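*Asks:*
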Amino acid sequence: MKKLLLIIAALVLTGTLAFAAEKQDEVHVANLTELIYAMRSNRVIIIDLDIEFGEGLDQLHNFNPRRLPQQSRYEKEKLSSVTDKCYIDQNTDGPELLLAGFTNLTIKGSGDGYRRLLRIRPRYAYVFNFINCSDIRIEGLVMGHTDEGYCEGGVLSFEDCKNITIDNCDLYGCGTEGIGCHQTTNLKMSNSLIRDCSYQIMALRECHDFSFDRCFFFRNREFSLLDIFSSGNIKFTDCMITHNEGTLCNFQDDEDIVFERCNIMHKLDSMGNFYDAKYKDCIQSDAYGVK
């Protein structure tokens, strides 16, 4: 038995029994139809041209033989066991794309010198709404709306997801918020912007193990900008937060929210409960707070 255990240990060390993520294939897309039908787990989708969502989703649903099924994002119990499925959710003023049960999926711009644009026309829809997904990477994209909406309809939404990476992206308003997350773990956002959102920078509910590195949050408004409930281990490192309007922090029932080496320029009387968080080597000033 001892000899067998030594052999197994040797195989693991040499990589013979190492478990790696399944290899991703690569697909290039240049329009909305190609993007939708390219969605699949274990895939890298490279976007070669700017794409606008909106009426195109309705046309794809109504006139294409491969109709996308309809499903409300609020009936998440029906989506909890779904794998590799795209749905249409009819929102107040247009369709929203739901992505359910995907794993090991990368969506990225073509990387030819600038970020590719994904712009959505319905005001109350998210650009991407991920449900029960894991190991998702979004890279090199500009994402936002053509017109401003209210109450709902941010840029990126993650429900019951894990292992999310957002890098080199520009999330602009409107959306109501740049990122909306519920019961999601291990999200890493780096070298990215959240700007010009109409309600807040982010809304996190029951989320854990999030990191924001070298991110720039500016010109957002107008309510609680960092709105975080029942979450833990949320860290902001080397971030710039400036030219925003509203209460900066609304933390409730949270643990281990940390700001490190951040430059925070916000009206001092609108910081909310920022001082309930941990902070280290931060620069704080109200020099650029919106009046």
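Heads up, the sequence shown is in the numbering used here, so the first residue is 5 and it goes up one at a time.
From the three backbone atoms N, C-alpha and C, an ideal C-beta is built for every residue, glycine too.
What you are looking at is a predicted structure, and each value in this text was computed from that prediction instead of being measured.
1. Tell me the DSSP bridge mates of Lys-27?
2. Near Ser-202, which residues of its chain fall below 6 Å by C-beta distance, leaving aside the five closest residues on each side in sequence?
3. For a cutoff of 8 Å on Cβ pairs, would you count Ile-50 as touching chain B?
4. For Asn-195, which option in Met-244, Phe-134, Asp-116, Tyr-279 has the closest C-alpha, if you only look at C-alpha atoms?
5. Going along the chain, which residues of its own chain have a beta-carbon closer than 8 Å to the beta-carbon of Lys-295, five neighbours each way excluded?
6. Asn-46 to Asp-273, Cα distance in whole Å?
7. Spatial neighbours of Phe-278 within its chain, please: C-beta separation below 7 Å, excluding the five flanking residues on both sides.
8. Where does Ala-104 sit, in a helix, a strand or coil, going by DSSP?
9. Given Cys-211, which residues of its chain have a CB within under 6 Å of its CB, disregarding the five upstream and five downstream residues?
10. Quick one: which unbroken beta strand (DSSP E) runs of 3-plus residues sit fully inside the stretch 227-293? Chain order, please.
11. Could you say which of Phe-57, Tyr-130, Cys-165, Arg-225 lies nearest to Leu-109 if we only look at CA atoms?
12. By the DSSP assignment, the alpha helix (DSSP H) with Tyr-143 in it spans what residues?
13. If the criterion is Cβ atoms closer than 8 Å, does the pair Gly-148 and Arg-119 meet it?
14. Check whether the Cβ atoms of Phe-240 and Phe-220 lie closer than 8 Å to each other.
15. Assuming the contact rule is C-beta atoms closer than 8 Å, Phe-214 and Ile-238 should be a hit. Round their C-beta distance to whole Å, please.
16. CB Ser-161 to CB Asn-133, shorter than 8 Å?
17. Identify every residue that forms a DSSP beta bridge with Phe-132.
18. Return yes when the Cβ of Leu-121 is within less than 8 Å of the Cβ of Val-146, no when it is not.
19. Between Phe-233 and the rest of its own chain, which residues show a CB-CB distance below 6 Å, the 5 nearest in sequence each way excluded?
20. Going by CA-CA distance only, name the one from Val-31, Thr-150, Leu-191, Asp-139 that's closest to Ile-49.
21. Assuming Cys-286 contacts Ile-268 under a Cβ cut-off of 8 Å, what Cβ separation, rounded to an integer in Å, is found between them?
22. When the distance is taken between beta carbons, is Glu-264 closer than 8 Å to Glu-249?
23. In whole angstroms, give me the CA-to-CA distance for Ser-228 and Glu-259.
24. Check whether the Cβ atoms of Asp-174 and Gln-204 sit closer than 8 Å, and answer yes or no.
*Replies:* According to the data block:
1. By DSSP's assignment, Lys-27 forms no beta bridge with any residue.
2. Only Glu-152, Gly-177, Cys-178, Thr-180 meet the Cβ criterion.
3. Absent from the structure is chain B; it holds one protein chain and no more.
4. Selected option, being the one with the closest Cα: Met-244.
5. Residue placement at Lys-295 is flagged as unreliable, the pLDDT there being 46, under the threshold of 50; the coordinate-derived value follows with that caveat. So the list reads Lys-271, once near-sequence residues are dropped.
6. Near 48 Å, if we compare the C-alpha coordinates of Asp-273 and Asn-46.
7. Around Phe-278, the same chain offers Leu-252, Cys-253 as residues with beta carbons nearer than 7 Å, after the five sequence neighbours per side are excluded.
8. In the structure shown, Ala-104 sits in a strand (DSSP, three-state: E or B).
9. The answer, listed in chain order, is Cys-185, Thr-188, Ser-235.
10. Within the stretch 227-293, the complete beta strand (DSSP E) runs of at least 3 residues are 230-233, 236-241, 244-246, 253-256, 259-264, 267-269, 282-284, 287-289.
11. Between Leu-109 and the set Phe-57, Tyr-130, Cys-165, Arg-225, the nearest pair of CA atoms involves Cys-165.
12. First, the amino acid is wrong: residue 143 is Glu here, not Tyr. According to the DSSP assignment, Glu-143 belongs to no alpha helix (DSSP H) but to the beta strand (DSSP E) extending over 138-143.
13. Cβ distance not < 8 Å, so Gly-148 and Arg-119 don't count as in contact.
14. In this structure, Phe-240 lies away from Phe-220, with their beta-carbon atoms at least 8 Å apart.
15. Contact between Phe-214 and Ile-238 holds: CB atoms are separated by about 5 Å, below the 8 Å threshold.
16. At a Cβ-Cβ threshold of 8 Å, Ser-161 and Asn-133 count as neighbours.
17. Phe-132 pairs with Leu-160.
18. In contact: Val-146 and Leu-121 (Cβ atoms closer than 8 Å).
19. Counting only Cβ-Cβ distances below 6 Å, and skipping sequence neighbours, we find Arg-209, Gln-256.
20. Nearest option by C-alpha distance: Val-31.
21. Rounded, the Cβ-Cβ distance is 6 Å, consistent with contact.
22. Against a cut-off of 8 Å, the Cβ pair of Glu-264 and Glu-249 comes out as no contact.
23. Here the alpha carbon of Ser-228 sits roughly 18 Å from the alpha carbon of Glu-259.
24. Gln-204 sits away from Asp-174, with the two beta carbons spaced by 8 Å or more.
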